[in-house]
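Trainee: Numbering (the numbering used here), first residue to last: 90 to 1042.
The beta-carbon is built from N, C-alpha and C at its ideal position, and this holds for glycine as well.
Values in this document were obtained by computation on a predicted structure and should not be read as measured data.
Would you mind keeping the following structure in view while I ask a few things?
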């Protein structure tokens, strides 16, 4: 309140104008606390026709619209004064007169406007005066719609014995405050009792207006701020703290006003001052132009490792391992430099030029292998392989590091071949190492053939030593032998041939043949005949298995069953059973679209063998992950790889070889379902929404038939493609799941909101618990992605479900759909429908859609008493003039006093009530609490909508 006049605060004479002079008299006195005050008294009760006037000084209005006048006075009972019958009064009159300046001491009765006749609630007698039991009366009056700068108050006595103890004049205003980072100045309350004054806020220092929703508040007639709308946001480099914006400290930054808090500088970056909007990279670190400011600073990679090669004729194949230090980046590629030097003049070198070809290319290699073709003979080559990444081109950073190899295309020649031993069927040879070996790990190839048979056939053997024994030769036969080197560089030229003849064979008489050999041959022949007879008589009967144990009959199952990847000891082996291993070169990453639990989620293209490119989503496993995280990552891919359904996210394949593991899935252009629905609220028909639920139910029916339990089905685990087809995802599970995981939040979403009671209390997951979760998903879809259970805490949700509370139907929800939700939320899991039944019901709804709008004639309270009234109940009440009328509309009028006592006198304050506020009203009936909470949800949306149309509530 802004006080314009308070007579009790004046210690000096008030000096008000009194007429006539023997009327009102200014007297010093004390108040009830014995504090000195100035009062005016009059008591001319013995004479009739009294007209005593008292006029205050001029009171400046100072912008007040609705002026309050508080009077405190005492009045004597006429019956206690003897001899005044007919002349004594027990009331006096209150007037005011407007003026732009002080009227002085003139009193113009005809100019005054009467406010009211003031009567005492309690009067005193002569005995009270003696005992100082003065009975103080307090009366409050108001005047409004004043047009001039100020006014005088007038008091008319018509024959009472009255004393004015104090006169207090004031008006109300909303005091300056800070809300949502906006300053709202002092605002005078309007004159009309129910009028709200809209006030625009001014952003605090270092903040800016949210253009989508500028800050506003409403000043009520009672001087209270109501209905805050919009906000300001802290500017880049500042974060919100204590209703203001504070500079980001050193080592922190904030890029945009859309971000809520300052973030610590990314790895290998820093700031030297406060209020930084970006972080500078440390020495020898940088960011590429495509890196966001939030990315860590990185550096070029180290040299490739383990460079090996294989040379065959004029073709060289190079392979290498990734650098030990990738510089903190994943966009590593490889470039090759090639120099050639003459074998005669080693120091005379030049670039290889266009004569040497590189397959697939010389620079920008993704795979760690390359083939060089068209190498010249008798030339020394120096090949260097450099690893580069997105920051390798910055001159301020270190130069690329190379892995280098020297290769000679001049083959070594074997000479001085010696014959060490000759037998009937073998010959042993030896030779000296070449004077100029072509490479380490040299092998030798020995070519031999019968003399005069060179053009018809020959044989070869290999050895790593400089000696060999060639066996299985024909006795008494002349052979020609040649030797050449065989190394990673390829083969050298054959040495000149040497001729060697084997020893002749000794003859043996027929009588000396061993009879045992004859017996063995006959036995084997008999066994073959016996086997043939068995096969001819019985065919491939069951006895065949005993004769041929290597052939087994394998029964192929006609129906697939889900296999838990955690039952396999080796996760890499498990993923290869169910997922296709893709070639790294077939994947092209275009941009990062998010961050997953184990790495980045990217959008890219998969090049198919048909030359067609398929858009895909790529989830990576960042370097340095633990074995447990790697196992979970691969288990999710193994799970997805087992499913083949149009409403299940499709796994295109995996990449497990190389530095970065990846899972490649089909790309879903519209993202997660709940965010998609919130973005397009109100843009779909009920049939389209039911079609989405039908697709999800089809996918869950398939998973159930496969024997798979999802455990975490929710709208944010469902993806939507460009054709509005919904596909189930989120198959990350582990054997180490514990009850605490239900309370874990991912992306701000607690799994309690979707979990069945038995899953929360006893950690029992089944197809029936997935049905409960599907019911929550139905509610999310029909409410366009609203948060289940609104702002209730986990414990409140658990208690409410245990007490029988179930979510009410969203706006414009068909009764059969909500009844299906209630069936999914049966407490006894055996009473919940199967997914096959749910799928059939939704199919029939799509074939025979019912009217989608709920009217007042058909909308009644649900038959289940645990379900509160819905938005349909209030469709007959587009607006309410008071809290009491709203309570009567929802049949809760019995609680008017509860709301009034708690201070909820306006619809806006009711619309802002939360669950805890309702519980604090003293309403003990759980059912009534639910009805009121549901009504508040509807009223909240209605009030916001009415304010948007400029309607005063």
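Between which residues of its own chain and residue 887 is the CB-CB distance below 7 Å, once the five residues before and five after are set aside?
Mentor: Contacts found: 841, 849.
Trainee: Would you report the Cα separation of residue 554 and residue 584, rounded to the nearest angstrom?
Mentor: Using only the alpha carbons, I get a separation of about 16 Å.
Trainee: Quick one: residues in its chain with C-beta nearer than 6 Å to the C-beta of residue 797, no 5 flanking neighbours on either side, listed in chain order?
Mentor: Closer than 6 Å at Cβ, skipping near neighbours: 651.
Trainee: Out of 655, 240, 213, 254, state which residue places its alpha-carbon closest to the alpha-carbon of residue 103.
Mentor: Answer by Cα proximity: 254.
Trainee: Is the beta carbon of residue 396 less than 8 Å from the beta carbon of residue 474?
Mentor: Against a cut-off of 8 Å, the Cβ pair of residue 474 and residue 396 comes out as a contact.
Trainee: Go ahead and pull the three-state DSSP assignment for residue 742.
Mentor: Reduced to three states, the DSSP call for residue 742 is strand.
Trainee: What separation, rounded to the nearest whole angstrom, lies between the Cα atoms of residue 839 and residue 662?
Mentor: Approximately 34 Å between the Cα atoms of the pair.
Trainee: Do the CB positions of residue 270 and residue 292 come within less than 8 Å of each other?
Mentor: Yes; because the gap between Cβ atoms is below 8 Å, this pair is in contact.
Trainee: Is residue 871 closer than 8 Å to residue 902 when the C-beta atoms are compared?
Mentor: Against a cut-off of 8 Å, the Cβ pair of residue 871 and residue 902 comes out as a contact.
Trainee: With burial defined as no fewer than 16 other Cβ atoms inside 10 Å of the residue's Cβ, what is the status of residue 851: buried or exposed?
Mentor: So residue 851 ends up on the exposed side.
Trainee: Could you tell me whether the Cβ atoms of residue 751 and residue 738 are closer together than 8 Å?
Mentor: Result no, Cβ atoms of residue 751 and residue 738 do not sit closer than 8 Å.
Trainee: Along the chain, where does the beta strand (DSSP E) that runs through residue 583 open and close?
Mentor: From DSSP, residue 583 is part of no beta strand (DSSP E); its letter is neither H nor E.
Trainee: Which residue marks the beginning of the alpha helix (DSSP H) containing residue 763, and which one marks its end?
Mentor: Here the alpha helix (DSSP H) through residue 763 covers 762-768.
Trainee: Could you tell me the boundaries of the beta strand (DSSP E) in which residue 205 lies?
Mentor: Per DSSP, residue 205 belongs to the beta strand (DSSP E) from 202-208.
Trainee: Under a three-way DSSP split, which group does residue 994 fall into?
Mentor: Correct three-state label for residue 994: coil.
Trainee: Judging by CA-CA distance, which residue of 569, 408, 549 is the nearest neighbour of residue 540?
Mentor: Taking only the C-alpha atoms, the option nearest residue 540 is 569.
Trainee: Express the C-alpha separation of residue 386 and residue 355 in angstroms, rounding to a whole number.
Mentor: Their Cα atoms are separated by approximately 7 Å.
Trainee: I'd like to know whether the C-beta atoms of residue 992 and residue 982 end up nearer to each other than 8 Å.
Mentor: No, the Cβ-Cβ distance between residue 992 and residue 982 is not below 8 Å.
Trainee: On the three-pair Cβ rule with 8 Å, is the segment 893-900 touching the segment 773-789?
Mentor: Result no; under three Cβ-Cβ pairs closer than 8 Å.
Trainee: Between the segment 183-199 and the segment 237-248, are three or more C-beta pairs nearer than 8 Å?
Mentor: They touch, by the three-pair rule.
Trainee: How would you write the range of the alpha helix (DSSP H) that residue 933 sits in, first residue to last?
Mentor: Per DSSP, residue 933 belongs to the alpha helix (DSSP H) from 924-936.
Trainee: What does the alpha-carbon distance come out to for the pair residue 297 and residue 200?
Mentor: Rounded to whole angstroms, residue 297 to residue 200 spans 52 Å at the Cα level.
Trainee: In angstroms, rounded to a whole number, what distance separates the CA positions of residue 932 and residue 776?
Mentor: Near 11 Å, if we compare the C-alpha coordinates of residue 776 and residue 932.
Trainee: Please check the pair residue 759 and residue 811, which I expect to be a contact at CB under 8 Å, by giving their CB distance rounded to whole angstroms.
Mentor: Contact holds; Cβ gap of about 6 Å.
Trainee: Going by DSSP, what residue range makes up the beta strand (DSSP E) through residue 141?
Mentor: Residue 141 -> beta strand (DSSP E) spans 141-144.
Trainee: Using three-state DSSP, classify residue 96 as helix, strand or coil.
Mentor: Three-state DSSP puts residue 96 in a helix.
Trainee: Does the segment 712-719 come close enough to the segment 664-672 that 3 or more CB-CB pairs lie under 8 Å?
Mentor: Flag = no, the segment 664-672 and the segment 712-719 do not touch.
Trainee: Using a Cβ distance threshold of 8 Å, determine whether the segment 460-470 contacts the segment 401-411, with at least three qualifying pairs required.
Mentor: With a cut-off of 8 Å, the segment 401-411 and the segment 460-470 count as touching, because enough Cβ pairs lie within range.
Trainee: Residue 681 by DSSP, collapsed to three states: which one?
Mentor: The answer is strand: DSSP assigns residue 681 an E or B state.
Trainee: Going by beta carbon distance, what residues of the same chain come within less than 8 Å of residue 311, once the five residues before and after it are set aside?
Mentor: These residues qualify, in order along the chain: 261, 278.
Trainee: How big is the Cα-Cα spacing for residue 713 and residue 478?
Mentor: Their Cα atoms are separated by approximately 19 Å.
Trainee: How long is the line joining the alpha carbons of residue 133 and residue 249, rounded to whole angstroms?
Mentor: One C-alpha to the other measures close to 7 Å.
Trainee: Within a Cβ cutoff of 8 Å, which residues of the same chain sit near residue 935, ignoring the five residues on either side of it in sequence?
Mentor: Closer than 8 Å at the Cβ level, and outside the excluded window around residue 935, lie 776, 779, 780, 783.
Trainee: Can you tell me the Cα-Cα spacing of residue 453 and residue 480, whole angstroms?
Mentor: Looking at the two C-alpha atoms, the distance is approximately 14 Å.
Trainee: Does any residue of chain B bring its CB to less than 8 Å from the CB of residue 909?
Mentor: The chain labelled as chain B is not found in the depicted structure, where only one protein chain is given.
Trainee: Quick one: Cα of residue 345 to Cα of residue 680, how far?
Mentor: Answer to the nearest angstrom: the Cα atoms are 21 Å apart.
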